[in-house]
Amino acid sequence: MGEIKRMSVQHITGYAFAAKGGSNHYMVIDSEYQNQPAAANSPMELVLAALGSCTASDVVEILLKKRLRVDRFVVQLSGEREEDHPRVYKKIHMHYQIYGKRLTRKAVEHAIELSLSKYCSVHSMLSKSVEITHEYTLHESTE
């Protein structure tokens, strides 16, 4: 049997929920309720966050193992949803912004490719039903 992850989600008020994972950390999840703005990220925003953090951790780890300096790393994600319910994502685009010293396009492309083709389980799961595209921009650190 594979690894089992656990999450408990408890109603707070309106569409707000407290989620607690097996790691014993809490987070609040919310959606607009009766025209009141959400007080936290929505479940669909968290899908984007899961994808972004999954691939980001892979790419950073791979670059560091290559002994490359990463000073700052950001993945900006945008997701286009279907008009009709259940309003799933039909397209997701990721833009990696990577800041460091002496980073090469070859190293960055290899790290992203390894993440998306082998290591990122969230990408592997979502890409079965969602068109996922990506691009990256390298920024040379000045320090």
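Just so we're aligned, residue 151 is where the sequence shown starts under our numbering, counting upward by one. We put the CB at the ideal spot given by N, CA and C, even for glycine.
Q: For the alpha helix (DSSP H) containing isoleucine 262, list its first residue and its last residue.
A: As a first step, residue 262 is located in the sequence shown; it is residue number 112 there, counting from the start. From DSSP, the alpha helix (DSSP H) with isoleucine 262 extends over 255-264.
* To do: Quickly, what does DSSP pair glutamine 226 with across the bridge? List them, please.
  => Taking the first residue of the sequence shown as 1, we reach residue 226 at position 76. Answer is His245.
What does the Cβ neighbour count give for glycine 172, buried or exposed, with the cut at 16 atoms within 10 Å?
The sequence position of residue 172 within the sequence shown is 22, counting from 1. Exposed, because fewer than 16 other Cβ atoms sit within 10 Å of the Cβ of glycine 172.
- Below-8 angstroms beta-carbon distance, valine 224 vs any chain C residue: Judged by its chain identifiers, the structure shown contains no chain C, having just a single protein chain.
Next on the checklist: Between which two residues does the beta strand (DSSP E) holding methionine 177 run?
Outcome noted: Position 27 of the sequence shown, counting from 1, holds the residue named residue 177. Counting along the chain, the beta strand (DSSP E) containing methionine 177 begins and ends at 176-179.
### Query
Expressed to the nearest angstrom, what Euclidean distance is found between the alpha-carbon atoms of glutamate 182 and arginine 217?
Residue 182 sits at position 32 when you count from the first residue of the sequence shown. Residue 217 sits at position 67 when you count from the first residue of the sequence shown. One alpha carbon belongs to glutamate 182, the other to arginine 217, and they sit about 44 angstroms apart.
Original post:
Comparing alpha-carbon positions, which option in His260, Ser291 and Thr292 lies nearest aspartate 208?
Top reply: Stepping through the sequence shown from its first residue, residue 208 is reached at position 58. In terms of Cα proximity to aspartate 208, the closest of His260, Ser291 and Thr292 is His260.
*To the nearest angstrom, how far is it from the Cα of histidine 161 to the Cα of valine 210?*
Looking up residue 161 in the sequence shown gives position 11. Looking up residue 210 in the sequence shown gives position 60. Straight-line Cα distance between these residues: approximately 35 angstroms.
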